[in-house]
Amino acid sequence: MELKMYYNLDDKQRFTATLESYNADHGEPGGRTVADFANNRDQNLLENDRVRLDRLFASVGYELGEDDAKWITKAWASDVVRYSKRQTGQGFGTVTGNQLDINQHTYHTVGIDSRVRYDYDLAEETQTLTFGTTYMDIYAPIFLERTAAGDLTSNRGVTRRNQAIRESRYGALFAENLFRYDRFTFTPAIRLEYNNQVMNEQINVNKAPGNLIDDSRTEVVPLAGLGMTYEVADKTELYGNVSQSYKPPTYTDAFPLGGADTISENLDAGELLNYEIGFRGQPVSWATFDASLFYIDYDGRFGRVSKTSDARSIKALA
């Protein structure tokens, strides 16, 4: 379900509102055997596994200005719940268990984005400056429960095996300027990103109480980019860009929940340089084309390395 509302206060002001709702409940694929196929060719789901996703999103916005200068602000809130139950013992070569693991991730998010676009004249052309900020706060509890032996129908477990509170705070300041000169455009851009993650582990049956995680990590990363286009004909152009990006560790990378997992002391965010060149256009009203080549240089890649059958080390790989 999606509802949208627009209200023009006057020629320069507009209010917007959005409400979205999404619900899904479905089985998990897999579990096929020769005997299953012979009995029912249409059966393709695991008998006792389910996944449910519920999402509710709402936003309000305010716009002020005209075509040559505009301020746009939007605030939003969302709740996402991902619930799953899976029969134990589904690893390759293992005997299927007679219990269910019930896992629930919840994400409560609030955020705001505010930006200004301003057109000005320079060198007999219209140039466009855009700058602004964005911020999000996410509160994300998680738990894992297990049903009693022989119980393959319950929606909740009798034993809580994992429980943690996760939090994220993300913010950014950004600015870019679109310069136009004859058939060329140049768009330099800068961005300063802030990313903070917190993990408060409350229950983990695979760890001693003294080893539960209560930690946080923060990255502050400056980024830059440059985009260019050249109009070779009407509605046809060459384009290229180069930009920086980064990949911070996720919750499971930065705060491993495995009882024997370890994390490298020098685990930093991965750094990327992205290059792209392309050719695009609209030769006729009913057809467009776009062909491009891109190259990504990825430094500081990290991942999980097996130490034993039940332990992983999260470390830099390249």
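Okay, so the sequence shown: first residue is 38 according to my numbering, each after it adds one.
Beta carbons: idealized from backbone N, C-alpha and C, even for Gly.
Cβ neighbours of R206 in the same chain (closer than 7 Å, five flanking residues each side left out): D174 and N233
N-terminal and C-terminal residue of the alpha helix (DSSP H) that D290 is part of: Y288 to A291
Beta carbon of A306 nearer than 7 Å to that of Y283: Inclusion of A306 and Y283 in the CB contact set at 7 Å is warranted, their separation being smaller than that value.
C-beta atoms of T55 and S96 nearer than 7 Å: A contact, by the Cβ cut-off of 7 Å.
Per-residue burial, M42 [other beta carbons within 10 Å of its own, 16 or more giving buried]: M42 should be labelled exposed.
Where S103 falls, given that 16 or more other Cβ within 10 Å makes a residue buried: Here residue 103 is Glu; the residue named in the question, Ser, does not match the sequence. Exposed, since its Cβ has fewer than 16 Cβ neighbours within 10 Å.
Burial state of I179 (16 or more Cβ within 10 Å): In summary, I179 is buried, with 16 or more beta-carbon neighbours lying within 10 Å of its beta-carbon over all protein chains present.
Contact under 7 Å by Cβ, N199 with L181: yes
Residue of D150, G194 and D91 minimising C-alpha distance to Q60: A small fix is needed here, since residue 60 is Asn in this sequence, not Gln. The residue with the shortest Cα to Cα distance from N60 is D91.
Classification of L137 by the beta-carbon crowding that lies within 10 angstroms, buried from 16 upward: buried
Opening and closing residue of the beta strand (DSSP E) in which I149 lies: L137 to L159
Inter-residue Cα distance where the pair is A185 and S253: 35 Å
V235 and E204 closer than 7 Å at C-beta: yes
Three-state secondary structure (DSSP) of G337: coil
Per-residue burial, R193 [other beta carbons within 10 Å of its own, 16 or more giving buried]: exposed
Contact set for P285: own chain, Cβ-Cβ below 7 Å, skip 5 residues either direction: N232, E256 and A306
Best match in K272, L210 and P66 for proximity to V321 [C-alpha to C-alpha]: K272
Whole-angstrom distance between F223 and E274, CA atom to CA atom: 13 Å
Between the CA atoms of F52 and R228 - distance to the nearest angstrom: 28 Å
Pairwise C-alpha distance: F326 and D336: 33 Å
Whole-number beta carbon distance between L189 and N85, since they are thought to touch under 8 Å: 5 Å
N77 in three-state terms, based on DSSP: coil
Closest by C-alpha distance to D158, when choosing among T266, A212 and Y218: Y218
Simplified DSSP assignment, three categories, for N311: N311 sits in a strand when the DSSP states are folded into three classes.
N243 (DSSP reduced to helix, strand or coil): When DSSP states are grouped into helix, strand and coil, N243 belongs to the coil group.
Option nearest S191 by Cα separation, candidates K122, G98, Y276 and L40: K122
Where A54 falls: helix, strand or coil (DSSP): strand
Counterpart residues of W113 in DSSP-defined beta bridges: S96 and G148
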